[in-house]
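Asks: Supplied in structure tokens, the structure appears directly below.
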Amino acid sequence: MSVLHRNTRGFKKALLASAVALSCSSPVLAAELSGRVLDSREVLLAGVQVSIPALKLSKVTGHDGRFAFTNLPEGNYQLVLSYAGRSQQQQQVQLNGSLVLGDLSLSSVDANIDKLTVQGQLNSASKALSQQRFATGIVSVATTDELGQFPDKNLSESLARLAGLSVEPDQGEGRFIRVRGLAPDYNTVTYNGTQLAAPEAGRRAVALDVIPSDLLASVEVSKTIAPEQAAGSLGGTVDIKAISAFDRRDNFYSLSAEGSYNQQQSETSPKVSGVATGIFDIGADQDALGVAFSASYADRDFGSDNVETGGSWELDDEALEEFEQRQYSISRKRQGAALNLDYRPGGDTDYYLRTLYSEFVDTEVRQSLLTEFSDPVLAGADSGAELVRGIKAREESQSISAVVLGMKQQLDVWFWSLEAGASQADEVTPYSLADGQFAAEFDEGVSFSGRDVLRLQAPEAAYQAGSYELNEVEVADTRTEEREHNFKLDLGRELLTHWGAVEVKAGAKFSDRKKTADESLWLFEDFEDAGISALSLSDYSTGNARYGLDRFGPAINPDRLMAMLNTLDNSDYLDEVESQINDFRVDEQIQAAYLQGNWQGDGWQVLAGSRYEHEQRDAFGSQYDDTNEEFSPRSYSGSEAHWLPAVISKFELSDNSLLRAAATSSLVRPNFAQLAPAFLLEEDDDELEASFGNPALKSLRSTNLDVGVEYYPDALGVLSATLFYKDIKDFIYATDLAGHGEYADFSAAETYVNGDDASLYGLELNLVQQLNALGGFWQHFLVSANLTLTGSEAQISWYDDGELMVRDIDLPSQSDRTANLAVGYEDEKWSLRLAANYKSEYLVEVAELDDARYDLFSDAQLQWDFSAKYKVSPALQLYFNAVNLTDEPYYNYTGTRQFNAQYEEYGRTFAVGVQLSRW
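So this is what it looks like as structure tokens:
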């Protein structure tokens with residue numbers, strides 16, 4: 002029997018078991034209860050717990066403030082409303098048939114609270130804390146208002162301020178999110194439950210700097226994954242929630258305009274965004290159609306100064322082989338839009354459409370000066386060297402789009418939903434300069450000085466354009482495309498028993514994902530043979546580069562260089578090997594089913610169930626044998642299946658405190674760079690060398706344990722501590738198989754393998770507190786702080802002359818400490834916030850398998866930001882943001898901090914803006 006047949010049979014059995022479990026019935030009950038919850042400003046509230054203690058039953062309001070109980074026993078009941086920072090509210094209800102309570106107004110803890118929520122700090126904190134408190138699992142939430150309180154340039158930077166989250170930067174901007182110290186490829190990003198495609202060729206991680214935060218309602222990070230959620234994350238699932246017109250009681254719009262100034266480049270940049278929502282009648286159905294639209298545009302000009310060695314040290318002698326100075330001029334345009342429709346014809350049926358489009362255009366010009374010493378040299382020692390001035394100039398565009406179409410319906414004792422989703426992502430870098438090189442030789446007089454910031458010591462001729470001659474130019478054209486389509490069905494019902502309420506839920510999902518990468522590379526050289534006489538840098542120079550770390554010298558004009566290349570026939574310079582070996586396609590088809598039960602008792606809530614996922618993987622690429630200069634196709638087809646059980650529980654220790662515990666299972670599939678089936682075989686000095694991907698890699702699996710306690714005081718705030726542990730199987734890493742098995746005669750055989758077990762463990766501490774207990778002036782302050790302590794153990798192995806060698810490492814991208822601190826002040830006119838974000842050093846890359854001294858680390862970073870808002874009128878406010886107040890650099894080192902691997906500065910950024918809103 003084939004693996005596919007066995008797994009398909011298992012899939013069918015899972016569906017059959019789900020149907021049988023759901024068919025178990027209880028007596029049909031007659032009464033129904035529904036309504037909406039809003040605050041005294043008539044703003045709909047998400048995250049309000051609405052409970053009926055006598056029935057041991059509770060619901061949590063969604064973004065539209067709605068709640069609904071169905072099939073309840075008739076009688077008199079007490080309804081209890083709970084919300085962070087508000088006093089618990091009670092109301093008697095008489096159930097006899099269907100009862101629609103309409104809008105319930107939730108009062109404040111005291112009369113001053115609502116006056117203080119004008120600017121939104123306290124209000125947004127209440128929303129986030131309420132959703133976290135009443136969630137079944139462990140989640141962190143940031144609402145639109147919350148995101149707007151920070152001076153962040155994109156979504157990833159805003160999320161990095163939540164407990165357990167940190168950011169992986171690019172050019173000083175947050176790009177990827179790490180959860181609990183785990184690399185971004187170990188986390189999943191979804192849009193209303195549909196997994197977003199990733200634009201980069203080798204990665205599954207979604208670059209969140211592509212998505213403007215203005216387009217969203219909230220972001221929820223689930224750190225404990227329930228069976229109903231798709232597998233694919235180890236650290237957590239980042240779910241982006243779309244805005245909806247029904248999130249607000251009435252029509253709404255908001256417009257903002259901003260101008261920012263980057264100190265590093267002395268550049269000014271604009272940004273505009275807007276949101277509009279409306280609710281309309283459709284025929285006889287009143288307030289049945291909701292339309293929400295948002296759009297954002299930003300054009301940011303900035304840059305950075307960089308100096309890096311890439312780890313090219315001879316550590317025994319503390320001597321340097323080479324280093325490179327770089328100056329970046331960057332323009333990044335972000336534009337996005339979202340159109341969301343909701344149709345609620347009445348009763349218990351909702352239809353919805355969610356759309357998202359976001360485009361990120363990164364225009365980069367990089368001037369570089371590479372110094373290659375004749376021999377490794379000590380600082381200050383005289384040496385000969387080759388100096389290479391380089392230019393890179395390209396426009397790279399990334400786009401992410403998503404469409405989700407669905408419906409959900411309540412039918413007597415049953416509820417069900419049907420949803421289809423699609424996401425696509427593209428990354429395109431059209432024909433452009435990847436690297437243009439002008440070289441000069443110096444027999445003596447070249448050295449370096451400094452530690453973090455290395456500076457060149459060279460003769461005056463090194464700074465003259467006439468000293469350099471055109472060597473070679475590399476031009477590239479790359480395109481990556483990812484498409485994901487999915488279809489899912491969920492079915493469930495609620496059962497009321499004398500020992501509590503049970504929600505039984507089952508579902509199935511089909512997902513189809515395709516990732517393709519296509520690269521073409523041209524290498525231009527031997528220009529004299531082609532009849533080019535303009536070979537001096539003087540023919541292409543535009544004066545001196547603006548570089549803040551050292552004297553730099555002449556810059557290269559990329560337009561002039563490309564104009565010269567355009568006079569040549571580029572077909573004569575195509576690098577056929579590089580142009581084909583990096584092309585690949587990976588297809589994934591996933592069939593999934595789950596069954597879970599969610600029980601609510603007296604102070605208890607337990608969710609338990611299991612998910613089944615079967616993956617069919619097909620990969621296509623090329624093999625190149627340099628010994629006979631031949632290409633051949635290389636492909637792979639295989640499958641794997643997994644059961645992923647989970648138990649997630651919550652127990653109320655008191656009215657203000659609760660205990661959480663969870664045992665869950667995770668699954669992370671290899672990234673596409675690891676799966677790409679390319680195989681390159683070369684011969685160097687009669688020794689065989691190979692590098693290749695491994696499409697047969699197994700998915701990483703993990704068993705996760707979480708235990709946490711949370712305390713919510715009567716005033717707005719929370720104090721929580723959560724312990725977590727992850728036992729990881731089939732950890733994936735890069736290795737060298739030379740000297741073993743079929744590669745016994747190779748001098749190098751670099752690939753990826755599934756290795757030994759790994760583990761991650763840690764403690765999350767979180768504090769949010771309004772200082773209203775101090776009274777007077779202090780009640781205007783809100784303090785939030787979090788600290789995550791993590792540790793990890795992993796092991797890598799390789800072969801040395803046929804002998805298996807091993808050593809212990811930390812998991813890459815895992816910081817031992819991440820922390821955030823924010824102090825906010827708010828009154829009727831002003832809203833101020835000072836925020837700090839910290840992460841300790843972490844392992845970036847294992848550079849040499851057999852020598853830990855060459856491991857590449859990223860240094861600790863502490864960034865301070867400030868934001869201020871002033872309310873001119875109820876509809877108009879002005880704001881000011883200051884980012885990177887202390888001009889914190891980015892620093893990587895080799896082994897120990899004294900050996901530079903990369904140093905980069907970005908400067909401070911200041912922004913002023915205006916926002917006009919109508920509630």
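Residues 2 to 920 (the working numbering) are what the sequence shown spells out, left to right. Note that the Cβ used here is the ideal one computed from N, Cα and C, for glycine as well. From a predicted model like this one, the values you see are computed outputs, not experimental measurements.
#1: Looking at chain B, is there any beta carbon in it that lies within less than 7 Å of the beta carbon of Ala85?
#2: Considering just the uninterrupted stretch of the beta strand (DSSP E) at Arg205, what are its terminal residues?
#3: Would you report the Cα separation of Ser127 and Leu82, rounded to the nearest angstrom?
#4: Under 8 Å: do the stretch 510 to 526 and the stretch 211 to 227 share three or more Cβ pairs, one atom per stretch?
#5: Examine the Cβ distances between the stretch 656 to 663 and the stretch 707 to 722 and report whether three or more of them are shorter than 8 Å.
#6: For a test of your reading of the model: does the CB of Glu473 fall under 6 Å from any non-hydrogen atom of the ligand ZN? Yes or no.
#7: Cα separation between Leu105 and Gly36?
#8: Just curious, the alpha helix (DSSP H) that Ser157 is in, first and last residue?
#9: Between Asp811, Ser245, Ser537, Ala883, which lies nearest to Ala1 when the distance is taken from Cα to Cα?
#10: Measure the alpha-carbon distance for Cys25 versus Thr238 and round it to whole angstroms.
#11: Would you mind giving the Cβ-Cβ distance between Gly182 and Gln617, rounded to the nearest angstrom? I have them listed as a contact below 8 Å.
#12: Could you check whether the stretch 198 to 207 touches the stretch 714 to 723, counting it as contact only if at least three pairs of C-beta atoms, one from each stretch, sit closer than 8 Å?
#13: Pull up the DSSP beta-bridge partners for Ala502, would you.
#14: Going by C-alpha to C-alpha distance, which of Arg327, Ser270, Glu829 sits closest to Phe303?
#15: For the beta strand (DSSP E) containing Ile283, list its first residue and its last residue.
#16: Near Glu325, which residues of its chain fall below 6 Å by C-beta distance, leaving aside the five closest residues on each side in sequence?
#17: DSSP three-state call for His781: helix, strand or coil?
#18: Taking the CB atoms as reference points, tell me whether Thr225 and Gly138 lie closer together than 7 Å.
#19: Answer yes if the stretch 352 to 362 comes into contact with the stretch 383 to 395, meaning at least three C-beta pairs across the two stretches below 8 Å, and no otherwise.
#20: Taking the C-alpha atoms as reference points, what is the distance between Gln125 and Gln796?
#21: Check this for me: beta carbons of Gly312 and Thr895, under 7 Å apart or not?
#22: Do Ser131 and Leu163 come within 7 Å of each other at the CB atom, strictly closer than that value?
#23: Residue ranges of each alpha helix (DSSP H) run of no fewer than 4 residues wholly in the stretch 546 to 630, ordered along the chain?
#24: Have a look at the DSSP bridge pairing and note the partners of Arg301.
#25: Within 10 angstroms of the Cβ of Glu445, are there 16 or more other Cβ atoms? Answer buried if so, exposed if not.
#26: Can you say whether Gln93 is buried or exposed, counting buried as having 16 or more other CB atoms within 10 angstroms of its CB?
#27: By alpha-carbon positions, which one of Leu412, Ala609, Ala143 ends up nearest to Ser223?
#28: Note down the Cα distance separating Pro555 from Asn893, rounded to an integer number of angstroms.
#29: Whose C-beta lies closer than 8 Å to the C-beta of Ser27 among residues of the same chain, with five residues either side of it excluded?
#30: Looking at the secondary structure, which residues open and close the alpha helix (DSSP H) in which Ala674 lies?
#31: Would you tell me roughly how many angstroms separate the C-alpha atoms of Thr910 and Tyr78, rounded to the nearest one?
#32: On the CB-based measure, 16 or more other CB atoms within 10 Å of its CB, does Gln597 come out buried or exposed?
#33: What's the call for Thr1, buried or exposed, on a 16-neighbour Cβ count within 10 Å?
#34: With distances taken from CA atoms, which of Ala403, Asn307, Ala722 is nearest Leu354?
#35: Can you tell which of Thr723, Asn767, Asp817, Thr752 has the C-alpha that lies nearest to the C-alpha of Ser798?
#36: With burial defined as no fewer than 16 other Cβ atoms inside 10 Å of the residue's Cβ, what is the status of Asn571: buried or exposed?
Replies: Let me spell this out:
#1: Absence of chain B from the displayed structure is noted, only one protein chain being present.
#2: Premise fails: Arg205 is in no beta strand (DSSP E) and is neither H nor E.
#3: 14 Å
#4: no
#5: yes
#6: With respect to the ligand ZN, the structure offers nothing, as it holds no ligand at all.
#7: 7 Å
#8: 156 to 160
#9: Outside the shown range of the chain (2 to 920) lies residue 1, about which nothing can therefore be said.
#10: In this prediction, Cys25 scores a pLDDT of 42, lower than 50, which makes its location untrustworthy; the coordinate-derived value is nonetheless stated afterwards. Those two C-alpha atoms are separated by around 32 Å.
#11: Not a contact, Cβ separation roughly 32 Å.
#12: no
#13: Leu497, Gln601
#14: Ser270
#15: 268 to 283
#16: Glu309, Ser369, Leu371
#17: helix
#18: yes
#19: no
#20: According to the sequence as given, residue 125 is Ser; it is not Gln. Cα to Cα, Ser125 sits roughly 43 Å from Gln796.
#21: yes
#22: no
#23: 559 to 566, 577 to 582
#24: Arg333
#25: exposed
#26: exposed
#27: Ala143
#28: 27 Å
#29: Bear in mind that the predicted position of Ser27 carries a pLDDT of just 42, short of 50, making it too unreliable to give a figure here.
#30: 673 to 676
#31: 56 Å
#32: buried
#33: For the chain, the structure presents residues 2 to 920; residue 1 sits outside this window and is missing.
#34: Ala403
#35: Thr752
#36: exposed
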